[in-house]
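Under mature numbering (1 follows the signal peptide of the UniProt record, and there is no 0), residues -21 to -1, 1 to 331 are what the sequence shown spells out, in order.
All C-beta atoms, glycine included, are put in the ideal place defined by N, C-alpha and C.
These numbers come from a predicted model, not from an experiment.
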Amino acid sequence: MKFTKIVLFAGLILPSLNVCAATLKATYQFNNTLLAQESTAPALTETNPLGLNGFEDAVVFNRPLRVFHWDGDTTPNLQAGLSLDTRGLIPANSYSVEMAFEFSDISTNGWRRIIDVQDRTSDDGFYVDSSDHLNIFPEQGGAALVPFNTFHHIVLTVNTAGTVQAYLDGKQQLNLATTQMNLNTPHRIMNFFLDNTLGGGQGEFSDGRIAWLRIYKGDLKAAQVKQLYTSGVSVSGSAIDLGAYNVSCNNLTSDKTVSIKTRSKFDCEQQGLAVKPADNVTLIAQGSKADATKTVKGTILGFSKFNLQCDNLTTGAAITVPDVKSSWDCESAGLSVTVGDTVKVTVQGNAH
């Protein structure tokens, strides 16, 4: 049984921007392999005592992906999971781990191990706790819930100043002064989902599925984590001040289209548009400006970046903005629009 402190955040605590940016060192997509995409990175090693691990299809953030399913038992020597030899890959005290995964059940006492960096010899480490919060035991837990049977985007960062941060679906949950997650053991093995086999608190294990894993040298910053989360979700978005507007979602790679009418948010993939990573996708939203006190703007998700074109079909004016990350604003970018004008917003890019 674990007892832990809970910390509530009123907002994100943004780390200093004068620290060197994180560098991607290893990418694991689980497309029927545990090999890294980078030839310089080692393969993951699986622990599979019951012989039930494997690859399968899943829908992750509304997108069809190949995933790795680990399947074991809470008994320490029957647990399943993955391990990574980090020697020569990342520093012991300056790294980030980005994952998209789900737990499929709850352990005996509700705790579920995410990451172990002490060769499975200690109860300490990164968990989802019995209250369904991210937790660095024995430090403290976050506020937002991490329900099982749902894929979540989880990021853990460790820096040389002795700070550990954890993020859930783009939002910071933990900001701790601790060296608890430093890779200080001789072999510097990082275990995923495998709980300790020595000491107290054993058996805190859950089966689950993982869609991707990325390892970085250095600590990702809050803005980078948010961008990674938004680029990993389905092709979707929202628009403000277009009234009831029409959206055409076009996958140019597969030559498929869906149409949506909405006053707020839209999700092309939920409405039936199949999108794979790197597919060339164009979104066209059209409506009329409704409120002089607002600007025609919104958010687009599912792209690492996209090109934006805003057309005032009433006046014939148009502006273009390249390499937009997520949020867009036609009027702030220079398009003049008055109430009643018909505006067409075109987004083009490759799905992440």
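One thing to note: P43 has its Cβ within 9 Å of the Cβ of A253. Taking each of I168, P28, E35 and D186 in turn and checking the Cα distance to N11, the smallest one comes out for E35. DSSP, reduced to helix, strand and coil, places K304 outside both helices and strands of the structure shown, so it counts as coil. Ranking S213, T100 and F130 by CA distance to the CA of N163 puts T100 first. For V275, no beta strand (DSSP E) run applies, since DSSP gives it neither H nor E. No Cβ-Cβ contact shorter than 9 Å links D234 with K268.
Nearest to Q144 by alpha-carbon distance, out of F105, R167, F127 and V125, is F105.
In this model, A71 and K304 are separated by some 31 Å (Cα to Cα). By the C-beta criterion, the stretch 63 to 79 is judged to be in contact with the stretch 195 to 203, since at least 3 inter-stretch pairs fall below 8 Å. Annotation: L153 to E118 spans about 10 Å, alpha carbon to alpha carbon.
Beta-bridge pairing by DSSP links I115 to F105 and Q119. A direct Cα-to-Cα measurement between T294 and V322 gives close to 10 Å. Residue range A201 to G211 is occupied by the alpha helix (DSSP H) that includes G211.
Distance from the CA of S243 to the CA of S109, rounded to the nearest whole angstrom, comes to 36 Å.
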